[in-house]
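This note's numbering numbers the first residue of the sequence shown as 1022 and each following residue consecutively. Virtual Cβ for every residue (Gly too), placed ideally from N, Cα, C. In this text, all values refer to a predicted model and were calculated from it rather than measured experimentally. Following: one structure in structure tokens, then a few remarks.
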Amino acid sequence: MNDCRNDHTSAGPIVFRFRPPSPTIRRPGLFFDRDGVINLRKSRYISHWQDFNFTAGVQHAVGELSRIGIPIIIVSNQAGVEKGLVSIESLEDLTLRFVATMTFSGSSISAVYYCPHTPEGNCTCRKPRIEMLTLASRQFGVDLSNSLFVGDTISDVQASTDAGCTPILFSPTRDTLHDCCQRYKELPAIAWNARQVVAQVQRLLIRPRRYP
Ligand SMILES: [Zn+2]
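Quick look at the structure:
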């Protein structure tokens, strides 16, 4: 956790890095949305650790997927930061705690990227825009065209496809399924629970083996 950095500049995303950058390697990456995927989407803005509840089975699933050896990166819109509802300090505290908890159960998270901006600000990083994905691609040598993105909203699916990744729609309560299926007639993968996320990732990775 010592090399965690907050490279925040007001223009771009906030980055918490837990693994050293590896820009010269080229390999697939595995992206996850945060709210609704890693943790339950309980309120609009989560700023305290006591309000952060992991999705059932997600720690075990990400732990298992970490054994593949490719970068696992979380990308999340957090407009509450610019709205003044979530402080940078709270965001950092929450991030360090959930990453430490996941690390303890075998997960290897390379970095967490947050867009702190409101939709009205028209920034370049808020999903469905793809700057967080392209930045992660440059910093961690991720080949987006061979990467997967597990998300629970249309915005995630759109960012994923616009960046050239393959989306996996994670919809444990099935509440976003209808909208996504209306918009995307052929979703490559749907997962109802964490165990299915593991199965879909293993099925879809172009070269499902350990990467150096
Ligand atoms: Zn942004």
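Out of the options, which one is the CA nearest neighbour of residue i?
i: residue 1178; options: 1090, 1209, 1074; result: 1209
i: residue 1049; options: 1174, 1220, 1188, 1164; result: 1164
i: residue 1057; options: 1037, 1096, 1226; result: 1096
i: residue 1036; options: 1157, 1192, 1143, 1207; result: 1157
i: residue 1069; options: 1223, 1118, 1132; result: 1118
i: residue 1154; options: 1140, 1222, 1171; result: 1171
i: residue 1075; options: 1087, 1085, 1062; result: 1062
i: residue 1080; options: 1116, 1124, 1067, 1113; result: 1124
i: residue 1131; options: 1054, 1138, 1120; result: 1120
i: residue 1077; options: 1223, 1215, 1098, 1226; result: 1215
Is there at least one non-hydrogen atom of ligand 1 closer than 7 Å to the beta-carbon of residue i?
i: residue 1201; result: no
i: residue 1138; result: yes
i: residue 1186; result: no
i: residue 1147; result: yes
i: residue 1034; result: yes
Buried or exposed: where does residue i fall if 16 or more other Cβ atoms within 10 Å of its Cβ makes it buried?
i: residue 1150; result: buried
i: residue 1126; result: exposed
i: residue 1173; result: buried
i: residue 1044; result: exposed
i: residue 1194; result: exposed
i: residue 1110; result: exposed
i: residue 1106; result: exposed
i: residue 1041; result: exposed
i: residue 1090; result: exposed
i: residue 1220; result: exposed
i: residue 1101; result: buried
i: residue 1166; result: exposed
i: residue 1180; result: buried
i: residue 1054; result: buried
i: residue 1141; result: exposed
i: residue 1064; result: exposed
Exercise. Going along the chain, which unbroken runs of the alpha helix (DSSP H) with 4 or more residues stay wholly within the segment 1045–1117?
Worked result: Counting only runs of 4 or more, we get 1079–1087.
For this session: Go through the segment 1148–1173 residue by residue and report every complete run of the alpha helix (DSSP H) that reaches 4 residues or more, in order.
Result: Taking only runs of at least 4 residues, the alpha helix (DSSP H) segments lying wholly in the segment 1148–1173 are 1152–1161.
For this session: Output the residue ranges of the beta strand (DSSP E) runs that lie fully inside the segment 1195–1221 and measure 3 residues or longer, sorted by chain position.
Result: Within the segment 1195–1221, no complete beta strand (DSSP E) segment of 3 residues or longer occurs.
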